[in-house]
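K.L.:
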Amino acid sequence: MQFEQGNFEGTGGLNLYQATWQPDGEIKAVLGIVHGVGEHIQRYTSMAADLTAAGILVSGYDHRGHGRSEGQRGHINHWSEYRQDLSRFNHLLKQRYPRLPRFLFGHSMGSLILLDFLQEEGAAGLNGAIFSGTALEPLDAAPPLLVFIARALSRIVPRMALKVKLPGESLSRDPQVAEAYDKDPLVFWERSTRWGAETLRIIEKIKAAPEKINLPVLFIHGEEDPLLSAQGAAAFAQQVASTDKTVKIYPGSRHEPHNDLDRRQVMSDIIAFIQAHG
591 MQFEQGNFEG
601 TGGLNLYQAT
611 WQPDGEIKAV
621 LGIVHGVGEH
631 IQRYTSMAAD
641 LTAAGILVSG
651 YDHRGHGRSE
661 GQRGHINHWS
671 EYRQDLSRFN
681 HLLKQRYPRL
691 PRFLFGHSMG
701 SLILLDFLQE
711 EGAAGLNGAI
721 FSGTALEPLD
731 AAPPLLVFIA
741 RALSRIVPRM
751 ALKVKLPGES
761 LSRDPQVAEA
771 YDKDPLVFWE
781 RSTRWGAETL
791 RIIEKIKAAP
801 EKINLPVLFI
811 HGEEDPLLSA
821 QGAAAFAQQV
831 ASTDKTVKIY
841 PGSRHEPHND
851 LDRRQVMSDI
861 IAFIQAHG
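Each residue of the sequence shown is one higher than the one before, counting from 591 in the numbering used here.
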């Protein structure tokens with residue numbers, strides 16, 4: 591496996607960090623990763639090792655305000671910034687690997703960015719999309735009054751940061767994964783009031799138009815995810831327009847099935863989906 595890193599320009603001129611893992615042998619497909627909130631792309635190194643061993647090139651980037659990218663931690667002015675950054679990233683992959691089957695993988699908040707992108711831009715030349723820990727049904731949903739307050743604060747003090755700490759044990763039963771997350775200096779827990787309001791808005795937008803998702807899709811979710819509902823993700827998957835859709839729920843797994851104790855089965859399912867649609 592060969593590793594390279596660089597940067598590309600996001601919407602509005604922000605410098606976004608990009609990491610790419612390339613197989614040593616023939617490249618059979620390309621997978622772009624859209625990571626979750628508060629984390630960064632190099633948390634996917636282990637996943638990239640499994641994929642490159644199967645001949646799949648993996649590339650991803652740190653969202654604005656995340657990891658090694660520029661921008662205020664946990665803040666956006668408008669959700670379209672995330673979508674436009676992904677559009678630029680997808681275009682870069684298309685330019686660099688024009689003849690290879692191309693897929694996108696979105697985890698947690700990344701699943702929302704990917705769903706919004708597909709609803710706005712269609713299949714975008716992709717062979718398929720994979721959604722992990724889809725963030726459509728939070729298990730600890732905010733009450734209506736708190737939602738109203740959050741939206742009001744977003745208009746008055748949009749950059750005000752609220753700290754929402756996420757313990758590593760909520761992500762995985764593997765103690766090494768949990769500890770590495772808790773100690774990762776690039777992981778952060780601040781979310782701006784505008785980020786919160788925009789996330790609530792985009793969830794409503796996505797759930798209102800499942801028929802706009804019309805390409806082969808794979809939804810994966812940990813059955814014991816303490817943050818987001820596996821049943822909610824499965825219900826949305828059944829509503830999308832695509833007739834080629836698969837849902838995999840992993841018993842015992844938490845928020846990051848690709849990092850949990852049954853990761854081998856998860857990675858096998860992801861690789862099989864890519865190979866079947868490549």
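Where a beta carbon is used, it is the ideal one built from N, C-alpha and C, also for glycine.
1) Who are I803's beta bridge partners in DSSP?
2) Measuring alpha carbon to alpha carbon, tell me which residue in Q685, F826, L808 and S819 is nearest A798.
3) Enumerated in chain order, which unbroken segments of the beta strand (DSSP E) with a length of 3 residues or greater are wholly contained in the stretch 652-736?
4) What number of angstroms, rounded off, separates the C-alpha of L735 from the C-alpha of A639?
5) Just the C-alpha distance for E711 and H697, rounded to the nearest angstrom, thanks.
6) Return helix, strand or coil for E616, following the three-state DSSP convention.
7) Mapping DSSP to helix, strand and coil, what is G822?
8) Going by beta-carbon coordinates alone, are I796 and W669 separated by less than 7 Å?
9) Let me confirm a value: S701 is counted as buried when at least 16 other C-beta atoms fall within 10 Å, else exposed. Which label applies?
10) Once the 5 residues before and after H630 are set aside, which same chain residues still bring their CB inside 6 Å of it?
11) By DSSP's criteria, L752 is part of a beta bridge. Which residues make up the other side?
12) Do D850 and R844 have their CB atoms nearer than 7 Å?
13) Can you say whether K838 is buried or exposed, counting buried as having 16 or more other CB atoms within 10 angstroms of its CB?
14) Looking at the secondary structure, which residues open and close the beta strand (DSSP E) in which E814 lies?
15) For T610, I'd like the list of residues in its chain whose CB is within less than 6 Å of its CB, leaving aside the five on either flank, ordered along the chain.
16) Starting from I839, trace the beta strand (DSSP E) in both directions and tell me its first and last residue.
17) Would you call the stretch 817-831 and the stretch 855-866 touching, i.e. three or more CB-CB distances under 8 Å?
18) Are the stretch 716-724 and the stretch 808-819 in contact at 8 Å, needing three or more beta carbon pairs?
19) Report yes if the C-beta distance between T601 and E660 is below 7 Å; otherwise report no.
20) Straight-line CA distance for F695 to R678?
21) Return the bridge partner residues of V624 from the DSSP annotation.
22) Considering Cα atoms alone, identify which of F707, I861, P841 and P765 is closest to L805.
23) Helix, strand or coil: how does DSSP classify E629 here?
24) Which of the three DSSP states, helix, strand or coil, is assigned to G650?
25) Whole angstroms is fine: what's the gap from Q821's alpha carbon to E846's?
26) Please classify H681 as buried or exposed, where buried requires at least 16 other C-beta atoms within 10 Å of its C-beta.
27) Assuming contact is defined by CB atoms lying nearer than 7 Å, are I703 and L676 in contact in what I supplied?
28) What residue does the beta strand (DSSP E) around E769 start on, and which one ends it?
29) For the beta strand (DSSP E) containing E599, name the first residue and the last one.
P.N.:
Checking against the coordinates, here is how it stands:
1) Locating residue 803 in the sequence shown gives position 213, counting from the first residue. According to DSSP, which records beta bridges pairwise, I803 is partnered with nothing at all.
2) Reading the sequence shown from its first residue, position 208 is the one you call residue 798. Among Q685, F826, L808 and S819, the Cα nearest to that of A798 belongs to F826.
3) 692-697 and 718-722
4) Counting from one through the sequence shown, the residue named residue 735 turns up at place 145. Counting from one through the sequence shown, the residue named residue 639 turns up at place 49. Reliability of the predicted coordinates at L735 is poor, the pLDDT of 45 falling under 50, and no value is obtained from them.
5) Sequence index remark: in the sequence shown, residue 711 carries index 121 (1-based). Sequence index remark: in the sequence shown, residue 697 carries index 107 (1-based). C-alpha separation (whole angstroms): 19 Å.
6) Residue 616 sits at position 26 when you count from the first residue of the sequence shown. In this structure, E616 counts as coil in the three-state DSSP scheme.
7) Reading the sequence shown from its first residue, position 232 is the one you call residue 822. If DSSP states are grouped into helix, strand and coil, G822 belongs with the helices.
8) The residue given as residue 796 occupies position 206 in the sequence shown. The residue given as residue 669 occupies position 79 in the sequence shown. Contact flag unset, no.
9) Taking the sequence shown and counting its residues from 1, one reaches residue 701 at position 111. Flag for S701 reads buried.
10) As a first step, residue 630 is located in the sequence shown; it is residue number 40 there, counting from the start. Once the five neighbours on either side are set aside, the close Cβ partners of H630 are D652, H656, G657 and L776.
11) Here residue 752 refers to the residue found at position 162 of the sequence shown. Its beta-bridge partners are R781.
12) Numbered from 1 along the sequence shown, position 260 holds the residue referred to as residue 850. Numbered from 1 along the sequence shown, position 254 holds the residue referred to as residue 844. Yes, these two residues count as a Cβ contact at 7 Å.
13) Working through the sequence shown from its first residue, we reach residue 838 at position 248. So K838 counts as buried.
14) One-based indexing of the sequence shown puts residue 814 at position 224. That residue, E814, is in no beta strand (DSSP E); it is neither H nor E in DSSP.
15) In the sequence shown, the residue the question calls residue 610 occupies position 20. Closer than 6 Å at Cβ, skipping near neighbours: E594 and S649.
16) Locating residue 839 in the sequence shown gives position 249, where the first residue counts as 1. Residues K835 to Y840.
17) no
18) yes
19) Locating residue 601 in the sequence shown gives position 11, where the first residue counts as 1. Locating residue 660 in the sequence shown gives position 70, where the first residue counts as 1. Against a cut-off of 7 Å, the Cβ pair of E660 and T601 comes out as no contact.
20) Sequence index remark: in the sequence shown, residue 695 carries index 105 (1-based). Sequence index remark: in the sequence shown, residue 678 carries index 88 (1-based). About 15 Å.
21) Here residue 624 refers to the residue found at position 34 of the sequence shown. Its beta-bridge partners are G696.
22) To locate residue 805, count along the sequence shown from 1; it is residue 215. Nearest C-alpha to L805: F707.
23) In the sequence shown, the residue the question calls residue 629 occupies position 39. In this structure, E629 counts as coil in the three-state DSSP scheme.
24) Counted from its first residue, the sequence shown places residue 650 at position 60. Note: G650 maps to strand in three-state DSSP.
25) Against the sequence shown, residue 821 aligns to sequence position 231. Against the sequence shown, residue 846 aligns to sequence position 256. Roughly 16 Å between the two C-alpha positions.
26) Here residue 681 refers to the residue found at position 91 when the sequence shown is read from its first residue. It counts as exposed.
27) Locating residue 703 in the sequence shown gives position 113, where the first residue counts as 1. Locating residue 676 in the sequence shown gives position 86, where the first residue counts as 1. In this structure, L676 lies closer than 7 Å to I703 by Cβ.
28) Within the sequence shown, numbered from 1, the residue matching residue 769 stands at position 179. Segment P765 to K773 is the alpha helix (DSSP H) holding E769; no beta strand (DSSP E) there.
29) Position 9 of the sequence shown, counted from the first residue, corresponds to residue 599. Unbroken beta strand (DSSP E) run through E599: Q592 to E599.
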